[in-house]
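J.:
Number of protein chains: 2
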Amino acid sequence: MKTFRFKTYLTSNVESLESINKELLNKCKQQQFKKGDYLLREGEISKTSYFVEDGLLRQFSVDDKGKEHVIQFAPENWFMANREGECFNLPSSYNIEAIEDTTVFIIEKELIENLSKTNSVFLNFNIELLHKHIASLQKRITQLQSKTAKERYLDFIKTYPDVLMRVPQTYVASYLGITPESLSRVRKEISINK
Amino acid sequence: MKTFRFKTYLTSNVESLESINKELLNKCKQQQFKKGDYLLREGEISKTSYFVEDGLLRQFSVDDKGKEHVIQFAPENWFMANREGECFNLPSSYNIEAIEDTTVFIIEKELIENLSKTNSVFLNFNIELLHKHIASLQKRITQLQSKTAKERYLDFIKTYPDVLMRVPQTYVASYLGITPESLSRVRKEISINK
DNA sequence: ATAATTTCTTAACATACATCAATGTGTTTC
DNA sequence: GAAACACATTGATGTATGTTAAGAAATTAT
Chain A
1 MKTFRFKTYL TSNVESLESI NKELLNKCKQ QQFKKGDYLL REGEISKTSY FVEDGLLRQF
61 SVDDKGKEHV IQFAPENWFM ANREGECFNL PSSYNIEAIE DTTVFIIEKE LIENLSKTNS
121 VFLNFNIELL HKHIASLQKR ITQLQSKTAK ERYLDFIKTY PDVLMRVPQT YVASYLGITP
181 ESLSRVRKEI SINK
Chain D
1 MKTFRFKTYL TSNVESLESI NKELLNKCKQ QQFKKGDYLL REGEISKTSY FVEDGLLRQF
61 SVDDKGKEHV IQFAPENWFM ANREGECFNL PSSYNIEAIE DTTVFIIEKE LIENLSKTNS
121 VFLNFNIELL HKHIASLQKR ITQLQSKTAK ERYLDFIKTY PDVLMRVPQT YVASYLGITP
181 ESLSRVRKEI SINK
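Protein sequences appear in the order of chains A and D.
Under the numbering used here, the first residue of the first sequence carries the number 1, and numbering increases by one thereafter.
Under the numbering used here, the first residue of the second sequence carries the number 1, and numbering increases by one thereafter.
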């Protein structure tokens, strides 16, 4: 049997949980998406999270002027979830789109709840994920508050060098909160100073 | 016995959990802080969360140039926690300071973990809190990415009208990611157009 | 391969916001 | 009540980033 990233991830993170891992692998269905496909559209209600087995996703919102704002990228081994909607059965404010052909494992909210109740190691793992997520969002807020576009871009390169190479610059610009033109200028400036 | 906000909050949010609520009230100690006191300093390791019984806190970071950046305010009935540190025993990247004389209930990490294990309603409540937190941070990121200072300020007024009145404008400016001077101009412009 | 479409770069110009410096207003302290 | 201090406003100026528009490069489709 093929070894999935999902399995590797689980065995290296949710330790000594052979039974849980098996249950997760068995109950989470795989699904494939083509580049450009939407996994979730704004307004839809979703009760699932995704584990990216292969490929690359982006989560983004669209403002009143029709402009897109990328909240997050998710390459292999990352989770992608519509947190608020999943938790409160609210229509999603965000879209999730496959930037590359992508294979995901679909994790039902109910499954997570059940496993959390029956197993405290899994529970802690799950809560840790949420905490890490919060920490990274806070870091981004601080950056948007105080750093220049150039500084934010340099940090992005450092933190997600792999993502950088696989994503259209427009999306990176959107993630950084600047226009593609500004990103282009920033990149030029950096290449000159090297 | 005095009715605490904390008790009211618990009974209205963590329903049908008489026993849990009692345990929380009994095991969480109260502590008082004077205006200007620090509850947590950058670099310290903390394993506690706070429920603000009375008063007002701010959480902020200090950048390499010595500038402060407000991540969050917490008035009565709010929780304040150093998420990443609490979860992973890491030194805090943030400071927590009392903006007014403030009374908090101190909630030990261990207590939350124990209650989560033994009671699934409490567990869900706790996870919902984390989800809500994530949703609000994502909203802020989208705003910082795409809205003008004026738009962000108007949204702040609408969302936290009470906080606005109790906090020095410098802190509001910092929260919005602009200088106090810019905030002053934004306010002037708004007052003229009314 | 060629054409068509999308993405990226570059330039000129506009604008929002930062910076610096001065003045004004209110609050605390003695 | 005066002095000292922190906070808010205002003005002049600078800079980073946005906007618009054009062309170059890359990708996709025919």
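No residue lacks a Cβ here, since even glycine has one placed at the ideal position from N, Cα and C.
Compile a chain-ordered list of the residues in the segment 51-66 of chain D whose CB is closer than 7 Å to at least one CB of chain A.
T.: Cβ contacts with chain A come from S61 and D63.
J.: Quick check on the DSSP output: the beta strand (DSSP E) that includes A/F33 runs from which residue to which?
T.: Note, A/F33: beta strand (DSSP E), K29 to F33.
J.: Once you ignore the five residues that flank A/F4 on each side, which residues in its own chain have a CB closer than 7 Å to its CB?
T.: Same-chain partners within the cutoff: E53.
J.: DSSP puts A/E69 in a beta bridge; with which residues?
T.: For clarity, residue 69 of chain A is His in the given sequence; the question names Glu instead. DSSP output for A/H69 lists A/S61 as bridge partner(s).
J.: Just checking D/I190 against the ligand FMN - is the residue's beta carbon closer than 7 Å to any of the ligand's heavy atoms?
T.: The ligand FMN is absent from the structure shown, which contains no ligands of any kind.
J.: Counting Cβ pairs closer than 8 Å, one from the segment 51-67 of chain D and one from the segment 166-185 of chain D, do we hit at least three?
T.: Yes, they touch.
J.: For the segment 100-138 of chain D, list the alpha helix (DSSP H) runs that are entirely contained and at least 4 residues long, ordered along the chain.
T.: Listed in chain order, the complete alpha helix (DSSP H) runs (minimum 4 residues) inside the segment 100-138 of chain D are 109-118.
J.: Can you give me the Cβ contacts of D/T179 inside the same chain, cut-off strictly under 7 Å, excluding the 5 residues immediately before and after it?
T.: Here the set comprises A173.
J.: Would you tell me roughly how many angstroms separate the C-alpha atoms of D/C28 and A/I141, rounded to the nearest one?
T.: Each residue's alpha carbon lies about 31 Å from the other.
J.: For A/L90, which residues of its own chain have a beta-carbon under 8 Å away from its beta-carbon, when the five flanking residues on both sides are left out?
T.: Hits under 8 Å: I45 and E84.
J.: For a contact defined as C-beta to C-beta under 8 Å, what are the partners of A/R83 on chain D?
T.: Under the 8 Å cutoff, chain D gives H131, I134, A135 and Q138.
J.: Since D/T48 is in the beta strand (DSSP E), which residue starts that stretch and which ends it?
T.: T48 to D54 is the extent of the beta strand (DSSP E) around D/T48.
J.: Relative to the C-alpha of A/T11, which residue among A/T103, A/N77 and A/I127 is closest?
T.: For A/T11, the nearest C-alpha among the options comes from A/N77.
J.: Which chain A residues sit within Cβ distance under 9 Å of D/I45?
T.: The contacting residues do not exist; D/I45 stays about 15 Å from chain A at best.
J.: Assign A/Y94 to one of three DSSP states: helix, strand, or coil.
T.: Three-state DSSP puts A/Y94 in coil, outside helix and strand.
J.: With the cut-off set at 8 Å, would you say A/A98 and A/Y50 are in Cβ contact?
T.: Result no, Cβ atoms of A/A98 and A/Y50 do not sit closer than 8 Å.
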